[in-house]
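Residue numbers (the working numbering): 9 to 659. A virtual CB, placed ideally from N, CA and C, is assigned to each residue, including glycine. Quick caveat: nothing in here was measured; it's all calculated off a predicted structure.
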């Protein structure tokens with residue numbers, strides 16, 4: 009044997025292989041059955057020794073077997089013929105083999121044998137055993153194949169027909185959708201996580217209508233708002249001070265008063281306050297805006313018997329209230345001088361006069377309660393909820409568009425599946441997901457109504473369980489109306505991403521337009537509110553109803569806005585007073601008149617029926633069109649036939 013060399017030997021002489029080989033591989037019927045060292049292969053058999061008996065013609069094999077079992081209890085009779093018996097002795101049972109041989113020598117005639125022989129297991133035994141196992145396995149497999157053929161092709165199974173077949177197909181399609189959703193983890197999680205996070209932000213982070221209104225109008229009407237005009241009201245500003253003498257404590261009182269207010273004092277000793285300040289204005293922009301806002305100069309020109317003090321006040325016009333603040337500081341120093349007391353002071357307080365809304369203009373009245381009206385972008389709660397609803401319906405649209413453009417839908421229809429069964433299965437799956445989601449959204453709204461610390465937050469109206477229940481009902485009806493609308497829409501786009509984008513943009517633009525046009529009547533004065541709303545209000549209301557009929561999302565937005573309005577009696581009063589409406593907060597939320605949602609409920613029912621009919625028409629037209637293309641293919645040219653072939657690379 010040479011290091012690094014390998015000799016491959018094939019032989020049918022197994023004794024030769026046992027002697028010459030380091031490793032042996034046994035093949036049968038072209039398949040590898042076992043491989044390993046000779047000792048390893050021998051140990052794979054059950055028997056360590058074999059005992060061969062040449063029996064006499066009149067001897068009994070049972071008597072011989074009983075005799076051998078007296079020495080080796082677990083001996084096994086492997087083969088038997090008229091003149092020969094072959095026994096196998098298992099591994100670990102060979103300790104009494106010496107006594108067995110001695111007993112055979114002494115009792116050959118008695119038990120009826122002519123001769124016997126003992127041999128160890130050989131490679132040939134291993135080979136025969138493996139071949140036997142292979143034949144047994146093949147026979148078993150052949151039997152299994154025959155049994156399977158009998159069961160599948162000859163056994164008479166009861167055929168599934170009618171409604172049982174229909175629901176079996178529906179169940180199979182639901183399982184298919186579930187597995188597709190599991191593979192598309194991002195879409196499945198986005199359906200739930202994205203919408204839930206957006207709803208949480210809508211409840212907790214979106215500013216209230218009053219906050220948005222105040223930020224847009226740049227001022228807020230706050231009762232008892234006031235500010236004390238002292239030199240330290242300006243951020244990091246420096247007051248320049250000058251006094252021509254300290255007689256009668258003029259200089260010390262001036263510096264002490266300014267320091268006591270918290271201002272930084274820059275005392276100069278020449279009568280150049282104005283030039284001192286203006287010279288520094290040109291250095292930096294920050295100095296011009298923040299550093300020097302006030303300057304004071306005191307002139308004590310009197311005598312001991314006839315005291316006289318004159319104050320010059322200098323102020324910048326960059327910030328508010330600098331003139332009255334500087335005059336108040338000068339007046340305080342004059343008071344202290346003539347009263348001869350540093351404890352004297354004159355306090356100036358700026359407090360705006362809040363006028364009654366009844367005395368203001370119509371626009372002022374509207375602005376004061378603008379948050380009560382569905383004005384864009386003041387009231388955002390209903391708009392954001394309609395956007396959230398659009399998102400989760402658009403996510404469901406992705407799977408439908410993908411199945412259409414990849415011809416997966418057509419492949420399912422080839423199994424004799426009815427189109428109504430296909431859409432029903434998708435509807436059941438989509439509606440189940442939506443039902444879970446809108447339940448979670450309602451829970452978030454209910455929790456937010458109790459947890460939001462802002463007293464004027466729109467979500468607070470849902471502390472009323474009736475309002476929360478109607479909120480859930482409107483989302484439920486929106487889902488029922490939007491699913492067939494989305495199914496019809498799925499026939500249009502050429503890719504799933506385009507389908508999602510187009511559906512989202514269409515609905516969001518529709519909701520924004522509805523929010524914008526609802527703002528128009530608010531700013532048009534109604535001179536006779538007692539006579540009812542203006543024609544412009546009625547016209548715009550009709551336009552908004554048309555939009556609600558066309559798009560379920562717009563209808564949902566209007567329904568949520570009505571819930572908000574119904575639960576706010578102060579805003580209803582403003583509507584009636586300014587627009588001439590006859591709204592009431594005591595009526596039922598399901599009333600057909602505003603602020604009830606009965607009209608929106610009816611519109612949803614109409615939309616459900618309308619879009620289901622449109623879906624049936626579109627499917628029928630699609631089937632007719634494909635049928636015509638098939639006729640053209642068979643009669644005219646092969647090009648049309650090629651157009652009907654599936655392109656599995658799409659999608």
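Separation of residue j from residue i, as counted between CA atoms
i, j, result
"residue 291", "residue 332", "27 Å"
"residue 493", "residue 547", "27 Å"
"residue 93", "residue 29", "31 Å"
"residue 208", "residue 567", "20 Å"
"residue 279", "residue 361", "40 Å"
"residue 475", "residue 410", "38 Å"
"residue 422", "residue 618", "28 Å"
"residue 446", "residue 520", "22 Å"
"residue 127", "residue 146", "30 Å"
"residue 285", "residue 318", "20 Å"
"residue 194", "residue 202", "10 Å"
"residue 425", "residue 216", "52 Å"
"residue 702", "residue 420", "No information on residue 702 is available, as it lies outside the stretch 9 to 659 that the chain covers here."
"residue 555", "residue 168", "47 Å"
"residue 136", "residue 37", "13 Å"
"residue 579", "residue 450", "24 Å"
"residue 311", "residue 222", "56 Å"
"residue 276", "residue 252", "10 Å"
"residue 74", "residue 14", "50 Å"
"residue 200", "residue 448", "9 Å"
"residue 688", "residue 237", "The structure shown has nothing for residue 688, since the chain only spans 9 to 659."
"residue 105", "residue 129", "15 Å"
"residue 463", "residue 380", "15 Å"
"residue 465", "residue 288", "49 Å"
"residue 122", "residue 155", "48 Å"
"residue 439", "residue 384", "31 Å"
"residue 495", "residue 594", "39 Å"
Contact set for residue i: own chain, Cβ-Cβ below 7 Å, skip 5 residues either direction
i, result
"residue 256", "308, 315, 345"
"residue 545", "529, 587"
"residue 273", "247, 249, 263, 266, 267"
"residue 437", "182, 185"
"residue 585", "537"
Buried or exposed (CB count within 10 angstroms, at least 16 for buried), residue i
i, result
"residue 21", "exposed"
"residue 598", "exposed"
"residue 11", "exposed"
"residue 326", "exposed"
"residue 119", "buried"
"residue 461", "exposed"
"residue 348", "exposed"
"residue 166", "exposed"
"residue 241", "buried"
"residue 90", "exposed"
"residue 454", "buried"
"residue 497", "buried"
"residue 590", "exposed"
"residue 3", "For the chain, the structure presents residues 9 to 659; residue 3 sits outside this window and is missing."
"residue 596", "exposed"
"residue 143", "exposed"
"residue 71", "exposed"
"residue 458", "exposed"
Nonlocal neighbours in the same chain, by C-beta distance under 6 Å from residue i, ignoring five residues either side
i, result
"residue 124", "61, 112"
"residue 359", "234"
"residue 532", "544"
"residue 388", "214"
"residue 335", "321"
Close beta carbons around residue i, own chain, < 8 Å, minus the five adjacent residues each side
i, result
"residue 538", "588"
"residue 17", "25, 28, 29"
"residue 68", "120"
Chain D contact for residue i (CB, 8 Å cutoff)
i, result
"residue 88", "Absent here is chain D; the protein component of the structure consists of one chain."
- Query: Pairing CB atoms from the region 95–110 with CB atoms from the region 55–71, are three or more of them under 8 Å?
  - Reply: yes
- Is it true that the region 504–521 meets the region 612–628, where meeting means three or more beta-carbon pairs spaced less than 8 Å apart? no
- Query: Are there three or more Cβ pairs, one per stretch, closer than 8 Å when the region 200–214 is compared with the region 391–409?
  - Reply: yes
- Evaluate the contact criterion for the region 549–561 versus the region 476–495: three or more CB pairs, one atom per stretch, below 8 Å. yes
- Query: Does the count of Cβ pairs from the region 428–440 and the region 177–192 closer than 8 Å reach three?
  - Reply: yes
- Message: As an exercise, report each continuous alpha helix (DSSP H) stretch of at least 4 residues that is fully enclosed by the region 228–280, in chain order.
- Response: 258–268
- Where are the alpha helix (DSSP H) runs, 4 residues long or more, that stay fully inside the region 369–425, in chain order? 370–376, 389–413, 416–421
- Task: Could you tell me which uninterrupted alpha helix (DSSP H) segments, each at least 4 residues in length, are contained entirely in the region 57–101, listed from first to last along the chain?
- Result: 69–77
- Query: What are the start and end residues of each continuous beta strand (DSSP E) run of 3 or more residues lying completely inside the region 267–351, in chain order?
  - Reply: 272–275, 300–308, 317–323
- Item | 3-residue-minimum beta strand (DSSP E) runs that sit fully inside the region 106–161, ordered along the chain | Qualifying beta strand (DSSP E) stretches, in chain order: 121–128.
- Message: Which runs of the alpha helix (DSSP H) at least 4 residues long sit entirely within the region 469–548? Give them in chain order.
- Response: 473–497, 504–525
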